[in-house]
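Novice:
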Amino acid sequence: MYYIPVLGLVGLVVMVAKAMWVSKQDAGDANMQELAGYIAKGASAFLKAEWKVLGVFAALAAVLLAWSGTLVPHSSWVIAVAFLIGAFFSAFAGWIGMNIATKANVRTTQAARTSLAKGLQVSFNGGTVMGLGVSGLAVLGLSVLFIAFYRMYVNGASPNGEEMMKALEVLAGFSLGAESIALFARVGGGIYTKAADVGADLVGKVEAGIPEDDVRNPATIADNVGDNVGDVAGMGADLFGSYVATILSTMVLGREVISSGDNFGGMAPILLPMLIAGLGILFSIIGTFFVRISKDTDSVMAALNKGNIGSIVLTAIASYFVITWMLPPTLEFARGDVHLVFDRMNVFYAIVLGLVVGFLMSYITEYYTAMGRKPVMSIVQKSGTGHATNVIGGLAVGMESTFLPILVLAAGIFGAFELAGLYGVAIAAAGMMATTAMQLAIDAFGPISDNAGGIAEMSGLPPEVRGRTDILDATGNTTAATGKGFAIASAALTALALFAAYVGLAGITAIDIYKADVLAMLFVGGMIPFLFSSMAISAVGKAAMDMVREVRRQFKEIPGIMEGKAKPEYEKCVAISTQASIREMILPGALALLSPIIVGFAFGPEALGGLLAGITVSGVL
-1 MYYIPVLGLV GLVVMVAKAM WVSKQDAGDA NMQELAGYIA KGASAFLKAE WKVLGVFAAL
59 AAVLLAWSGT LVPHSSWVIA VAFLIGAFFS AFAGWIGMNI ATKANVRTTQ AARTSLAKGL
119 QVSFNGGTVM GLGVSGLAVL GLSVLFIAFY RMYVNGASPN GEEMMKALEV LAGFSLGAES
179 IALFARVGGG IYTKAADVGA DLVGKVEAGI PEDDVRNPAT IADNVGDNVG DVAGMGADLF
239 GSYVATILST MVLGREVISS GDNFGGMAPI LLPMLIAGLG ILFSIIGTFF VRISKDTDSV
299 MAALNKGNIG SIVLTAIASY FVITWMLPPT LEFARGDVHL VFDRMNVFYA IVLGLVVGFL
359 MSYITEYYTA MGRKPVMSIV QKSGTGHATN VIGGLAVGME STFLPILVLA AGIFGAFELA
419 GLYGVAIAAA GMMATTAMQL AIDAFGPISD NAGGIAEMSG LPPEVRGRTD ILDATGNTTA
479 ATGKGFAIAS AALTALALFA AYVGLAGITA IDIYKADVLA MLFVGGMIPF LFSSMAISAV
539 GKAAMDMVRE VRRQFKEIPG IMEGKAKPEY EKCVAISTQA SIREMILPGA LALLSPIIVG
599 FAFGPEALGG LLAGITVSGV L
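All residue numbers for the sequence shown refer to the numbering used here, where the first residue is -1 and numbers rise by one.
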């Protein structure tokens, strides 16, 4: 197990090398650097404000966790330490991505003055820093803590016993810390970016009739900051949490797999998901070298897909050799009266199935969001007759887009279960998440390209430069959507494994919807994502109105803005988005965190299982 942290370290070392390369690229003229400096300063100010609030939350949650850990026989107060480490790593992963994104944006703009190929190279390498930072920190943190807790609680005891159960229960604090920070980072960053975007567009584009990202718009800097704090820092923390939860749930189920005669004292099923994740980092690094174009007419999306497919294929090939080395020919999943015997090759097929599900989710998301594809073109055609048909067409396509992904996920869950039971479903999810470094690199490339286009517009660069950044930005909008689709799919595929782990730890045999309290909570759970979304959308509306009023004030009270003779007060719009997003993220976040706690204490573990099932199905759709 001691070589698994090394794989995480390799990812972080390559991340540093990529970050240094990006930082050495030409950052353009003084005007471009000044504009990029405003964006970097605004993003940093938001994270500092957010971290102050989250720091208080993390400290209070850690105290409660330490107390609750003393009440449960197979837990410990040490779970609070794991929680704080997970929270810190999640926030740090988001900061790494945002820090490099605010350096890569202006360098991408300058590179686009040369060629589209050079612009892609800079923006994608910036995204790669994000991907490797998230996956490297996750594998390193999880594996080092597992080794520490193994020595503390197991130390040679049976890998299927209560000692291992305690070690994994304490390790779950790391995942909880990561997921908690991810929730607030995603909500806060999302409110920020949409409020700034809507506010900038309503007054700048609609009322004043100036182009998007026009330097005369007081909200344009806040809009560009939002791309970084929402789609980079928020997304990084989000996938960090999903990545860790997937690996950990597989480890928890691996404790119930009897692996007699393996080379790791029966621990191979527990160690396998961490090793697959670590190898996924290496193959994602190799996959990045496939992402390149030679001329401006080449497809950027095709180049990104080539890197994604390359990392998936290499991970699948390596998994075969890892499984035949680690696992004995047959394994047995044992829980109560359930005894399932399966072949080690079934585990390999489950991993391949997870990789295929991940690829299909990316492909389907691309189909529904890419320019030139039928779904987007149908909305374009409906937009020709006004706002009403645009909204109707968009909602219809959005609802239709749930059909194929859900069928793929359902088939993946069913197929993986047939191959290796609950462990098969969990290891399929771990296989899918193995290429997270590549997925995040492709995702983070989007907001970097968006910022690059904004800087090109604000700097008044020649039309061909904005043309190249627009190509990158259009592709980036699709890759940002595929990143979200990937995050949702990973959560859905992991759901059965998480429920199985939950049922085992909660001491119940099933979640029976024939019981009134369970069925009642199933309905309540199905409602919560709708209420959460309502709160988030309302928060964006309130923050956007604050932004609209401020932009109108500046246009009215600062003479010479429209003529370019006076500089807008960008920092006031940044402050409005920052304050509004921090204030408004608390209520939706509290709903997500407190509802399971209240239901669990009030109605018990089985009713809580019903609530979680309702939230999962409704939320994924």
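The C-beta atom is built at its ideal place from N, Cα and C for all residues, glycine as well.
Measure the C-alpha to C-alpha separation of PHE238 and ALA332 and round it to an integer number of angstroms.
Specialist: Counting from one through the sequence shown, the residue named residue 238 turns up at place 240. Counting from one through the sequence shown, the residue named residue 332 turns up at place 334. Approximately 30 Å, taken between the alpha carbons.
Novice: Tell me the residue span of the beta strand (DSSP E) that contains THR328.
Specialist: Residue mapping note: residue 328 aligns to position 330 of the sequence shown, counting from 1. Run containing THR328: 328 to 333, per the beta strand (DSSP E) assignment.
Novice: Give the DSSP-derived three-state secondary structure of ASP510 in the structure shown.
Specialist: In the sequence shown, residue 510 corresponds to position 512, counting from 1. ASP510: coil per DSSP, three-state reduction.
Novice: Considering only residues of the same chain and omitting the five flanking positions on each side of GLU161, which have a CB-CB separation below 6 Å?
Specialist: Stepping through the sequence shown from its first residue, residue 161 is reached at position 163. Counting only Cβ-Cβ distances below 6 Å, and skipping sequence neighbours, we find TYR151, VAL152 and ALA155.
Novice: Suppose you measure from the CA of LEU138 to the CA of MET430; what does that come to, to the nearest Å?
Specialist: Within the sequence shown, residue 138 is the residue found at index 140, counting from 1. Within the sequence shown, residue 430 is the residue found at index 432, counting from 1. Their backbone Cα atoms lie some 19 Å apart in a straight line.
Novice: Nearest to ILE279 by CA position, among SER376, MET13 and PHE415, is which residue?
Specialist: As a first step, residue 279 is located in the sequence shown; it is residue number 281 there, counting from the start. The shortest C-alpha separation from ILE279 is found at MET13.
Novice: Can you give me the C-alpha to C-alpha distance between SER257 and GLY263, rounded to a whole angstrom?
Specialist: Position 259 of the sequence shown, counted from the start, is the residue given in the question as residue 257. Position 265 of the sequence shown, counted from the start, is the residue given in the question as residue 263. Distance between the alpha carbons of SER257 and GLY263: 8 Å.
Novice: Might you give, ordered along the chain, the residues of its own chain that have their beta carbon closer than 6 Å to the beta carbon of LEU496, omitting 5 neighbours on each side?
Specialist: To locate residue 496, count along the sequence shown from 1; it is residue 498. Once the five neighbours on either side are set aside, the close Cβ partners of LEU496 are SER247.
Novice: Answer with buried or exposed for ALA15, where buried requires no fewer than 16 other C-beta atoms within 10 angstroms of its C-beta.
Specialist: Position 17 of the sequence shown, counted from the start, is the residue given in the question as residue 15. It counts as exposed.
Novice: Spatial neighbours of ILE377 within its chain, please: C-beta separation below 8 Å, excluding the five flanking residues on both sides.
Specialist: Against the sequence shown, residue 377 aligns to sequence position 379. So the list reads ASN388, GLY391, GLY392 and VAL395, once near-sequence residues are dropped.
Novice: Give the DSSP-derived three-state secondary structure of LEU459 in the structure shown.
Specialist: Mapped onto the sequence shown, residue 459 falls at position 461. Here LEU459 sits in coil by DSSP.
Novice: Relative to the C-alpha of THR112, which candidate in MET525, LEU459, ARG149 and ILE283 has its C-alpha closest?
Specialist: Walking along the sequence shown from the start, residue 112 turns up at place 114. Ranking MET525, LEU459, ARG149 and ILE283 by Cα distance to THR112 puts LEU459 first.
Novice: Does DSSP classify ILE208 as helix, strand or coil?
Specialist: As a first step, residue 208 must be located in the sequence shown, where it is residue number 210. In this structure, ILE208 counts as coil in the three-state DSSP scheme.
Novice: According to DSSP, is PHE262 helix, strand or coil?
Specialist: Residue 262 sits at position 264 when you count from the first residue of the sequence shown. Of the three classes helix, strand and coil, the one that applies to PHE262 here is coil, per DSSP.
Novice: Whole angstroms is fine: what's the gap from MET265's alpha carbon to ALA408's?
Specialist: As a first step, residue 265 must be located in the sequence shown, where it is residue number 267. As a first step, residue 408 must be located in the sequence shown, where it is residue number 410. In a straight line, the C-alpha of MET265 is about 29 Å away from that of ALA408.
Novice: DSSP beta-bridge partners for HIS337?
Specialist: In the sequence shown, the residue the question calls residue 337 occupies position 339. ALA332, per the DSSP bridge assignment.
Novice: For the stretch 368 to 385 and the stretch 405 to 420, state whether three or more C-beta atom pairs, one from each stretch, are separated by less than 8 Å.
Specialist: With the cut-off at 8 Å, the stretch 368 to 385 and the stretch 405 to 420 do not touch.
Novice: Going by Cα to Cα distance, which pick from THR295, MET299, PHE172 and PHE287 is closest to VAL79?
Specialist: Taking the first residue of the sequence shown as 1, we reach residue 79 at position 81. Nearest option by C-alpha distance: PHE172.
Novice: Can you give me the start and stop residues for the alpha helix (DSSP H) that PRO586 sits inside?
Specialist: Taking the first residue of the sequence shown as 1, we reach residue 586 at position 588. That run of the alpha helix (DSSP H) goes 584 to 601.
Novice: Please tell me whether ALA198 and THR100 are closer than 8 Å, where the distance is taken between their beta carbons.
Specialist: To locate residue 198, count along the sequence shown from 1; it is residue 200. To locate residue 100, count along the sequence shown from 1; it is residue 102. Contact flag unset, no.
Novice: Does the Cβ of ARG105 have 16 or more other Cβ atoms within 10 Å, making it buried, or fewer, making it exposed?
Specialist: What you label residue 105 is simply residue 107 of the sequence shown in a count that begins at 1. With 16 or more other Cβ atoms within 10 Å, it is buried.
Novice: At what residues does the alpha helix (DSSP H) containing HIS385 begin and finish?
Specialist: Position 387 of the sequence shown, counting from 1, holds the residue named residue 385. Element bounds for HIS385: 385 to 398.
Novice: Considering only the beta carbon of each residue, do ILE509 and GLY608 sit closer than 8 Å?
Specialist: Within the sequence shown, the letter at position 511 stands for residue 509. Within the sequence shown, the letter at position 610 stands for residue 608. The answer is yes: Cβ separation under 8 Å.
Novice: To the nearest angstrom, how far is it from the Cα of VAL423 to the Cα of ALA414?
Specialist: Position 425 of the sequence shown, counting from 1, holds the residue named residue 423. Position 416 of the sequence shown, counting from 1, holds the residue named residue 414. About 5 Å.
Novice: Terminal residues of the continuous alpha helix (DSSP H) containing ILE307?
Specialist: Numbered from 1 along the sequence shown, position 309 holds the residue referred to as residue 307. Start and end: 298 to 324.
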